[in-house]
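Visitor: Those protein sequences? They're chains F and G, same order as listed.
Under our numbering, the first residue of the first sequence is numbered 16, with each subsequent residue one higher.
Under our numbering, the first residue of the second sequence is numbered -10, with each subsequent residue one higher.
We put the CB at the ideal spot given by N, CA and C, even for glycine.
Right, I'll just put the structure down here and ask away after.
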Amino acid sequence: MIRQPQAWAPTLFFPLLLAAVYSSQFSKAVSLPEFPYPDVTFLDFILPACVIQGVLFGSTNSATDLAGDIENAFMDRLLSSPVSRSSILIARLTSAFSYGLVQATILILVFFAFGAELSGGIRSALALILITSFLSMGVGSFLIAIALKTGSQEVVNSLFPVIFVFIFISSAFFPVELMDGWYGQIAEWNPLTWIIDWTRVITIEGFSWKVLLQAFSVIALISLAGIATSIRQLKRRLAMAS
Amino acid sequence: MTSLSSYWSNQWLITAAITKRGLLRMRRLPSLLIPSIIMPIFFVIAFSGSFSSVVQLDGYDTNKAVNWMAAWAILQGSAFSGLGGGGLTATDLENGFFDRLRAAPITPASLIAGLVGYSITRATLPTTAVLIVSFGVLDADMPGGILGFVIAYFTAIAIAAVMSLFVLGIVFKMKTLKSLAVAQVVMFSMMFLSVGQAPLEAIEGWLYHVAKYNPITHVIRMGRQGFLGDVTWAGTQPGLISIALLMAGAGIWARGCYRKVDI
């Protein structure tokens, strides 16, 4: 992160730009009938979504680095050294988690500086940071699996639009209740919508253990599936190397 | 007189050859083209779907979000296409081919015009794709009729030309493919700080003032008018003036940066 600011700067810039633009453009949308939170500002409404967006964009970094290591043969050197094989995967997952943690903290602080409010105070802020960091690790684990399978930075980077699609077809920037037809239906089924909505409950209505556990249960399922896929791909690569 | 006309006809041929080279590269590397078509299609679907209810607010002048968002997606696609000439030049600069072009008897204007030609030709593809999806899938309206389509295409081409010149300037200055990331940030900031997704009446705070004076606002209004009603001179003139000013500014910027390629 310190050596390559160009890798993380856009993942902070774009969520903040979207937050700044949307909170001005759609500030009057909270007055629409059926808007679930008519008493909050649009900035407060999109805060959790923008943090999740930034963290998900950043979750590609760990996988890109791993793919880079495979491309430039550093991975081969690692495998020829007496390094525990599982530590290769654990290090990348920890990196995705830590990256999400730092990024979420920075984003929330910037939001606070611009007048955003969290009704649950510090507990809600910590819950948001933890949810997004674990989500970064969960989604990152899928990307790590793809990096292990393809060994190509280009392929990992090309998945960026897929994350973009998942974020947009969710309740990230507008409530599902106000989306029409099939689009609203797909958004309702998107697991990201559930996580964003639960996070929104914590930041707007106040901290709740029940809601936190609901969010973590979905993230745990995503992470388990992602980590299992990563382990499978790592084993495949190790078999190819030996 | 004959030699002068043959000089100009040669320059035109060079411009056409550079445009053709870009188009051939696009055919050979479809991976370059697919995102620039897929993303605008996704934009029109996503923006029309996510923000389907915002048209209930004042100022949208339509009852379907797709009528508002289609023009926005078209301009996003055109701006992406504007990166095409810059990407080609950055690759040429990195692998040394650009030095050979500069050593050849080509005027800078012909070279730049060829690259802009490639970008604007490329812009017609996402524009057509967005229009097909908007009308074929999302049930958009065009009360402006044929003139509405013409003005939408004209705006797309004009934005691609402006963005292409702007990106070329950045690429000439930085001489690397990484400069495209910088160009994208500036380009999309300009696009987002406008009436792309919401009318001025709906915008509040600092963005209202920025969007009001952003020339892209007038350009988007010009391209959008056929989707909302009749195409009028009053709706077209500010857009044309903005395009002329942006084109002049971006052209001077690109030409000035070209002079400094060797520095």
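Which bits of chain F does Glu83(G) rub up against, with CB to CB less than 9 Å?
Guide: Here residue 83(G) refers to the residue found at position 94 of the second sequence. Near Glu83(G) there are no residues of chain F at all, since even the closest Cβ is about 16 Å away, more than 9 Å.
Visitor: I need the straight-line Cα distance from Ile61(F) to Asp47(G), nearest angstrom please.
Guide: Walking along the first sequence from the start, residue 61(F) turns up at place 46. Walking along the second sequence from the start, residue 47(G) turns up at place 58. Near 21 Å, if we compare the C-alpha coordinates of Asp47(G) and Ile61(F).
Visitor: Between the Cα of Phe177(G) and the Cα atoms of Thr165(G), Lys164(G), Ile192(G) and Ile148(G), which residue gives the shortest distance?
Guide: Counting from 1 along the second sequence, the entry for residue 177(G) is found at position 188. With distances taken between Cα atoms, Phe177(G) lies closest to Ile148(G).
Visitor: Locate the alpha helix (DSSP H) running through Lys201(G), then write down its first and last residues.
Guide: For the purposes of this step, residue 201(G) is identified with residue 212 of the second sequence, where counting begins at 1. Where Lys201(G) is concerned, the enclosing alpha helix (DSSP H) stretches over Trp195 to Tyr202.
Visitor: In chain order, what are the residue ranges of uninterrupted beta strand (DSSP E) at least 3 long that sit wholly in the stretch 38 to 110 of chain F?
Guide: Correct list: empty.
Visitor: Have a look at Leu115(F) and Ile144(F) and give me their C-alpha separation to the nearest angstrom.
Guide: Numbered from its first residue, the first sequence carries residue 115(F) at position 100. Numbered from its first residue, the first sequence carries residue 144(F) at position 129. It should be noted that the sequence gives Gly, not Leu, for residue 115(F). Distance between the alpha carbons of Gly115(F) and Ile144(F): 8 Å.
Visitor: Checking contacts by CB at 9 Å: is Asp219(G) closer than that to chain F?
Guide: Along the second sequence, one-based indexing puts residue 219(G) at 230. No, its Cβ sits nowhere closer than 9 Å to a Cβ of chain F.
Visitor: Among residues of its own chain, excluding the 5 on either side of Gln45(G), which ones have a beta-carbon nearer than 6 Å to its beta-carbon?
Guide: Within the second sequence, the letter at position 56 stands for residue 45(G). Here the set comprises nothing.
Visitor: Using a cut-off of 9 Å between C-beta atoms, extract the partners of Gly194(G) located in chain F.
Guide: The residue you call residue 194(G) lines up with position 205 of the second sequence. Neighbours of Gly194(G) on chain F, chain order: Ser38, Ser39 and Ser42.
Visitor: In terms of residues, what are the limits of the alpha helix (DSSP H) holding Thr110(G)?
Guide: Counting from one through the second sequence, the residue named residue 110(G) turns up at place 121. Counting along the chain, the alpha helix (DSSP H) containing Thr110(G) begins and ends at Pro97 to Gly125.
Visitor: At which residues does the alpha helix (DSSP H) containing Pro190(F) begin and terminate?
Guide: For the purposes of this step, residue 190(F) is taken as residue 175 along the first sequence, with counting starting at 1. That residue, Pro190(F), is in no alpha helix (DSSP H); it is neither H nor E in DSSP.
Visitor: If distances are taken between C-alpha atoms only, which option among Leu64(G), Arg244(G) and Pro97(G) comes closest to Ile109(G)?
Guide: Taking the first residue of the second sequence as position 1, residue 109(G) is located at position 120. When each option's Cα is compared against that of Ile109(G), the closest is Leu64(G).
Visitor: Could you give the C-beta distance for Val66(F) and Ile123(F), rounded to a whole number, given that I count them as a contact under 8 Å?
Guide: Translated into positions along the first sequence, residue 66(F) becomes position 51. Translated into positions along the first sequence, residue 123(F) becomes position 108. Confirmed, Cβ separation roughly 6 Å.
Visitor: Looking at the structure shown, is Glu220(F) part of a helix, part of a strand, or coil, going by DSSP?
Guide: Here residue 220(F) refers to the residue found at position 205 of the first sequence. Helix, per DSSP.
Visitor: Exposed or buried, which one is Lys249(G) when buried takes at least 16 other CB atoms within 10 Å?
Guide: Along the second sequence, read from residue 1 onward, the residue named residue 249(G) stands at position 260. Exposed, since its Cβ has fewer than 16 Cβ neighbours within 10 Å.
Visitor: Give every residue of the same chain whose Cβ lies closer than 6 Å to the Cβ of Val151(G), excluding the five residues on either side of it in the sequence, and list them in chain order.
Guide: Position 162 of the second sequence, counted from the start, is the residue given in the question as residue 151(G). Leu235, Met236 and Ala239.
Visitor: Could you please tell me which residues of the stretch 15 to 31 of chain G, in chain order, have their CB closer than 9 Å to any CB of chain F?
Guide: Flagged, chain order: Ser20, Pro24, Ile27, Met28 and Phe31.
Visitor: Quick check on the DSSP output: the alpha helix (DSSP H) that includes Val154(F) runs from which residue to which?
Guide: Sequence index remark: in the first sequence, residue 154(F) carries index 139 (1-based). That run of the alpha helix (DSSP H) goes Gly136 to Thr165.
Visitor: How would you write the range of the alpha helix (DSSP H) that Lys162(G) sits in, first residue to last?
Guide: In the second sequence, counting from the first residue as 1, residue 162(G) sits at position 173. Counting along the chain, the alpha helix (DSSP H) containing Lys162(G) begins and ends at Gly134 to Met163.
Visitor: According to DSSP, is Asn52(G) part of a helix, a strand, or is it coil?
Guide: Looking up residue 52(G) in the second sequence gives position 63. Three-state DSSP puts Asn52(G) in coil, outside helix and strand.
Visitor: For a cutoff of 9 Å on Cβ pairs, would you count Asp50(G) as touching chain B?
Guide: The chain labelled as chain B is not found among the protein chains of the depicted structure, namely F and G.
Visitor: According to DSSP, simplified to helix, strand and coil, what is Ala93(G)?
Guide: What you label residue 93(G) is simply residue 104 of the second sequence in a count that begins at 1. Here Ala93(G) sits in coil by DSSP.
Visitor: Do Ala172(G) and Val156(G) have their C-beta atoms closer together than 9 Å?
Guide: Here residue 172(G) refers to the residue found at position 183 of the second sequence. Here residue 156(G) refers to the residue found at position 167 of the second sequence. Against a cut-off of 9 Å, the Cβ pair of Val156(G) and Ala172(G) comes out as a contact.
Visitor: Taking only the alpha-carbon atoms, compute the straight-line gap between Asp219(G) and Thr165(F) and give it to the nearest angstrom.
Guide: On the second sequence, position 230 is the one that residue 219(G) refers to. On the first sequence, position 150 is the one that residue 165(F) refers to. If you take the alpha carbons of Asp219(G) and Thr165(F), they lie about 52 Å apart.
Visitor: So what's Leu166(G) in DSSP terms, helix, strand or just coil?
Guide: Your numbering for residue 166(G) matches position 177 in the second sequence. Looking at Leu166(G) - three-state DSSP - the assignment turns out to be coil, as it is neither helix nor strand.
Visitor: Cβ atoms of Ser156(F) and Gln118(F): under 9 Å apart, would you say?
Guide: Here residue 118(F) refers to the residue found at position 103 of the first sequence. Here residue 156(F) refers to the residue found at position 141 of the first sequence. Cβ distance not < 9 Å, so Gln118(F) and Ser156(F) don't count as in contact.
Visitor: Quick one, are the C-beta atoms of Ser42(F) and Ile209(G) less than 9 Å apart?
Guide: Position 27 of the first sequence, counting from 1, holds the residue named residue 42(F). Position 220 of the second sequence, counting from 1, holds the residue named residue 209(G). It is not a contact, given that the beta carbons lie outside the stated cut-off.
Visitor: Hey, out of Ile211(F), Ile217(F), Leu58(F) and Leu158(F), whose CA is closest to Val125(F)'s CA?
Guide: Taking the first sequence and counting its residues from 1, one reaches residue 125(F) at position 110. Among Ile211(F), Ile217(F), Leu58(F) and Leu158(F), the Cα nearest to that of Val125(F) is on Leu58(F).
Visitor: Using a C-beta to C-beta distance shorter than 9 Å, which residues of chain G count as neighbours of Phe72(F)?
Guide: On the first sequence, residue 72(F) is found 57 positions in, with the first residue counted as 1. Residues of chain G passing the Cβ test: none, with the nearest at roughly 13 Å.
Visitor: I'd like to check one pair, Ile184(F) with Gly38(G): are the Cβ atoms closer than 9 Å?
Guide: Looking up residue 38(G) in the second sequence gives position 49. Looking up residue 184(F) in the first sequence gives position 169. Against a cut-off of 9 Å, the Cβ pair of Ile184(F) and Gly38(G) comes out as a contact.
Visitor: What does Phe28(F) touch in chain G if you count any residue whose Cβ is under 7 Å from its own?
Guide: On the first sequence, residue 28(F) is found 13 positions in, with the first residue counted as 1. In chain order: Val174.
Visitor: Within 10 angstroms of the Cβ of Lys225(F), are there 16 or more other Cβ atoms? Answer buried if so, exposed if not.
Guide: In the first sequence, counting from the first residue as 1, residue 225(F) sits at position 210. When all chains shown are included, Lys225(F) counts as exposed.
Visitor: Can you list, in chain order, the residues of the stretch 170 to 184 of chain F whose Cβ is nearer than 7 Å to any Cβ on chain G?
Guide: Of all residues in the stretch 170 to 184 of chain F, Pro176, Val180, Phe183 and Ile184 have a Cβ within less than 7 Å of some Cβ in chain G.
Visitor: What's the gap between the Cα of Lys9(G) and the Cα of Pro115(G)?
Guide: Walking along the second sequence from the start, residue 9(G) turns up at place 20. Walking along the second sequence from the start, residue 115(G) turns up at place 126. Whole-angstrom Cα-Cα distance: 18 Å.
Visitor: Given that Leu62(F) touches chain G, what residues does it touch there, using C-beta distances under 8 Å?
Guide: In the first sequence, residue 62(F) corresponds to position 47, counting from 1. Going along chain G, no residue has its Cβ under 8 Å from Leu62(F), so there is no contact; the nearest lies around 16 Å.
Visitor: Residues in its own chain within less than 8 Å of Asp50(G) by CB, not counting five upstream and five downstream?
Guide: In the second sequence, the residue the question calls residue 50(G) occupies position 61. Here the set comprises Pro188, Leu217 and Gly218.
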